[in-house]
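S.K.:
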Amino acid sequence: MNMTKSFVLSLILFNWLPCLSQSTTYDIVIKNISVIDVQNLKIIPKQTIHIKDERIAKIERSKKYKKIVSDTIIDGTGKFILSGFWDMHIHICWKENLNNLYPTLFSYGITGVRDMGGDIKILTKFKNQVKGNPHSGPTLFGAGPILDGEKPVHLDFSVPLTQNNVRKVLDSLYFQKIDFLKVYSLLPKTVLDSIANYSKAKKIPFAGHVSEYVTPEEASILGQKSFEHLNRLEDLQNDTIRLSAFIGLAKSNNTWICPTLIIYKRKAEFAKNVFYAHSLYNELDNDLKTEWEQVKKKRQNKILTEEELLQTQERYKNQKKLVKRFYDNGIPLLLGTDFAGMQFIYPGYSLHEEMALLQDLGIPPFEILKMATINPTLFLGISKLYGTVEENKMADLIILNENPVTDIRNTLNINTVLKAGKIVKK
Ligand SMILES: [Zn+2]
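In the numbering used here, the protein residues as written are 1 to 426.
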């Protein structure tokens with residue numbers, strides 16, 4: 001073999017080998033897209049993402065002439081991709097038919113939810129449904145019933161706990177494989193102590209409202225994993241020394257806060273007789289609509305004095321300040337809407353409202369995207385599989401037409417959503 005021949009042969013071989021590896025077919029390839037890297041706070045341009053089965057198989061820099069072997073090729077030119085959003089405070093497990101909202105949640109980029117209280121049978125059913133077919137709905141974590149005091153705030157879906165029945169109830173929930181225990185406002189301190197001990201022994205977190213019978217400091221020390229809403233935390237805002245001490249304590253105990261600022265916006269609106277109407281209203285369950293209309297009527301019949309009105313608006317202003325204070329001091333935040341727990345909160349859409357509210361407080365969009373994507377997966381202990389756009393992670397992805405880092409409101413300009421490697425919204 002002369003030099004020319006061997007040169008030609010080596011060229012053929014050299015080219016042939018990469019061809020072999022290229023012959024792997026992917027289910028979906030998204031080419032030439034900008035990846036929003038929430039961990040390193042940067043945008044990585046010109047990436048090609050290969051999806052096989054449920055996972056992101058490969059990410060590489062886009063090459064102009066590289067042949068792509070795939071059934072579905074999405075041109076990502078000018079677009080942005082990030083991991084799916086999590087609504088960390090939702091109530092969908094109170095009625096059998098609420099899984100009909102899954103396509104709506106997907107259409108707003110929600111690929112994971114934490115259900116904060118409902119029917120345990122429905123929770124189990126919904127979880128099994130998504131386990132069996134991961135494209136059929138968002139990944140679901142849930143508590144089952146709400147654990148409250150002897151006379152619960154909400155009679156439906158609450159279990160009244162006393163020192164006498166606490167162990168039995170917790171055991172029963174534990175054996176039914178709930179993901180965490182949801183604690184509520186009227187739990188006595190002694191019962192909460194028992195829940196905290198159970199939580200430690202069985203390694204099952206408890207999260208929810210700060211009870212009226214403990215201070216936020218006590219709840220944090222007991223190990224309550226997340227505080228929902230701003231219940232009891234508002235007590236801290238006029239005492240700067242106490243607030244600073246609480247922040248230090250919460251950070252050392254790894255206490256998370258899910259402020260659900262959007263519900264406070266709604267409350268402030270209700271006081272002004274404003275009831276936010278969105279086209280999603282028509283898609284809602286009739287029972288939900290009835291409840292909303294009842295609340296609306298009740299509100300409309302209640303005329304506030306000028307002073308009361310001013311007070312409600314002032315309260316909302318302070319609630320926003322408090323959330324900003326938590327953010328500024330490094331308390332990890334979760335995003336939640338309280339859909340189906342609070343009236344005139346819309347499935348999927350209201351998570352984007354929550355994000356916009358945080359941006360209006362001065363929180364950088366990148367940080368808000370973190371709260372919507374990676375934070376929940378760290379909180380839930382599933383960040384190895386979810387939360388970022390990385391090889392081997394689940395292909396739960398949102399493609400946006402505009403850059404969300406320049407304005408968080410661009411998260412509403414959704415091009416495509418994928419759940420477990422399948423397009424669920426185009
Ligand atoms: Zn709730």
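Ideal Cβ positions, reconstructed from N, Cα and C, are used throughout, including at glycine.
None of the values given here were measured: they were computed from a predicted structure.
CA-CA distance, L304 and Q237?
M.R.: As a position in the sequence shown, residue 304 is number 304, starting the count at 1. As a position in the sequence shown, residue 237 is number 237, starting the count at 1. If I take the Cα positions, the gap works out to 25 Å.
S.K.: Identify every residue that forms a DSSP beta bridge with S226.
M.R.: Looking up residue 226 in the sequence shown gives position 226. S226 pairs with W256.
S.K.: Is H154 close to ligand 1? I mean its beta-carbon at under 7 Å from any heavy atom of the ligand.
M.R.: Here residue 154 is taken as the residue at index 154 of the sequence shown, counted from 1. H154: no, Cβ never under 7 Å from ligand 1.
S.K.: Since R266 is in the alpha helix (DSSP H), which residue starts that stretch and which ends it?
M.R.: On the sequence shown, position 266 is the one that residue 266 refers to. Looking at the DSSP string, the run of the alpha helix (DSSP H) that includes R266 is 261-271.
S.K.: Within the present structure, is the beta-carbon of E96 separated from the nearest heavy atom of ligand 1 by less than 7 Å?
M.R.: Here residue 96 corresponds to residue number 96 of the sequence shown, with the count starting at 1. Not so, every heavy atom of ligand 1 lies at least 7 Å from the Cβ.
S.K.: Label S21 either buried or exposed according to how many other C-beta atoms from any shown protein chain fall within 10 Å of its C-beta, with 16 as the threshold for buried.
M.R.: Position 21 of the sequence shown, counted from the first residue, corresponds to residue 21. Unreliable placement is indicated for S21, whose pLDDT of 48 sits below 50; the coordinate value is still reported in the next sentence. Label assigned to S21: exposed.
S.K.: What residues does ligand 3 have around it, judged by CB closer than 5 Å to any heavy atom, in chain order?
M.R.: In the structure on display, ligand 3 does not appear, and the ligands it does have are ligand 1.
S.K.: Run the CB neighbour count on K63, radius 10 Å, all protein chains shown included, and call it buried at 16 or more, exposed below.
M.R.: As a working note, residue 63 is residue 63 in the sequence shown. The residue in question, K63, is exposed, as its Cβ has fewer than 16 Cβ neighbours within 10 Å.
S.K.: In chain order, what are the residue ranges of uninterrupted alpha helix (DSSP H) at least 4 long that sit wholly in the region 341-367?
M.R.: Segments of the alpha helix (DSSP H) lying fully in the region 341-367: 349-360.
S.K.: How should D115 be labelled, buried or exposed, when 16 other C-beta atoms within 10 angstroms of its C-beta is the threshold for buried?
M.R.: Stepping through the sequence shown from its first residue, residue 115 is reached at position 115. Label assigned to D115: buried.
S.K.: Helix, strand or coil, according to DSSP, for L105 in the structure here?
M.R.: As a working mapping, residue 105 is identified with position 105 in the sequence shown. If DSSP states are grouped into helix, strand and coil, L105 belongs with the helices.
S.K.: Please report the Cβ distance between L322 and E217, rounded to the nearest whole angstrom; I am assuming they are in contact, meaning their Cβ atoms lie under 8 Å.
M.R.: For the purposes of this step, residue 322 is taken as the residue at position 322 of the sequence shown. For the purposes of this step, residue 217 is taken as the residue at position 217 of the sequence shown. In fact, because the Cβ distance is near 16 Å, the residues do not count as touching under 8 Å.
S.K.: Using only the alpha-carbon positions, how far apart do S185 and P145 sit?
M.R.: For the purposes of this step, residue 185 is taken as the residue at position 185 of the sequence shown. For the purposes of this step, residue 145 is taken as the residue at position 145 of the sequence shown. Near 14 Å, if we compare the C-alpha coordinates of P145 and S185.
S.K.: Looking only at its own chain, which residues have a Cβ that is under 8 Å from the Cβ of N231, when we skip the five neighbours before and after it?
M.R.: Walking along the sequence shown from the start, residue 231 turns up at place 231. Closer than 8 Å at the Cβ level, and outside the excluded window around N231, lie S185, H209, V210.
S.K.: Quick check: T104 and L358, are their CB atoms within less than 8 Å of each other?
M.R.: Here residue 104 refers to the residue found at position 104 when the sequence shown is read from its first residue. Here residue 358 refers to the residue found at position 358 when the sequence shown is read from its first residue. No; because the gap between Cβ atoms is not below 8 Å, this pair is not in contact.
S.K.: Here's the rule I'm using: 16 or more other beta-carbon atoms within 10 Å means buried, otherwise exposed. How should L155 be labelled?
M.R.: Taking the sequence shown and counting its residues from 1, the one referred to as residue 155 is at position 155. With fewer than 16 other Cβ atoms within 10 Å, it is exposed.
S.K.: Helix, strand or coil for K411 per DSSP?
M.R.: Taking the first residue of the sequence shown as position 1, residue 411 is located at position 411. The amino acid occupying residue 411 in the given sequence is Thr; Lys does not appear at that position. In this structure, T411 counts as helix in the three-state DSSP scheme.
S.K.: Whole-angstrom Cβ separation of L418 and N410, contact assumed at under 8 Å?
M.R.: Locating residue 418 in the sequence shown gives position 418, where the first residue counts as 1. Locating residue 410 in the sequence shown gives position 410, where the first residue counts as 1. At roughly 18 Å, the Cβ-Cβ gap does not stay under 8 Å, so L418 and N410 are not in contact.
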